[in-house]
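Structure, as structure tokens:
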């Protein structure tokens with residue numbers, strides 16, 4: 198069964214959109230998806246908005262952004 202057919206996923210990206218973790222599949226195979234998720238987030242952020250969720254049909258993408266002060 199491919200990862201798209203599984204019910205829930207967790208994707209963890211760096212601030213640069215690099216893959217850190219995925220619940221299903223291999224991080225390196227999902228670089229394109231991670232890049233797309235980061236690009237959508239960056240576009241919203243550059244517009245002064247915060248994106249929390251994208252809903253498309255039965256799919257829901259929820260953004261949880263954790264910023265760290267080092």
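Numbering (the numbering used here), first residue to last: 198 to 267. By construction, the Cβ of each residue, glycine as well, lies at the ideal position given by its N, Cα and C atoms.
Practice prompt. Would you identify the three-state DSSP class for residue 209, choosing helix, strand or coil?
Written response: It is a strand residue.
Worksheet item: In the DSSP assignment, what are the bridge partners of residue 253?
Response: In DSSP, residue 253 forms a bridge with 256.
Worksheet item: Is the number of C-beta pairs between the region 234–243 and the region 211–225 that are closer than 8 Å three or more?
Response: Between the region 234–243 and the region 211–225, the count of C-beta pairs closer than 8 Å reaches three or more; the two stretches touch.
Practice prompt. Would you list the one or two residues that DSSP bridges to residue 216?
Written response: Paired residues: 210.
Worksheet item: Taking all protein chains shown into account, do 16 or more other C-beta atoms lie within 10 angstroms of the C-beta of residue 229, making it buried, or fewer, making it exposed?
Response: Exposed, because fewer than 16 other Cβ atoms sit within 10 Å of the Cβ of residue 229.
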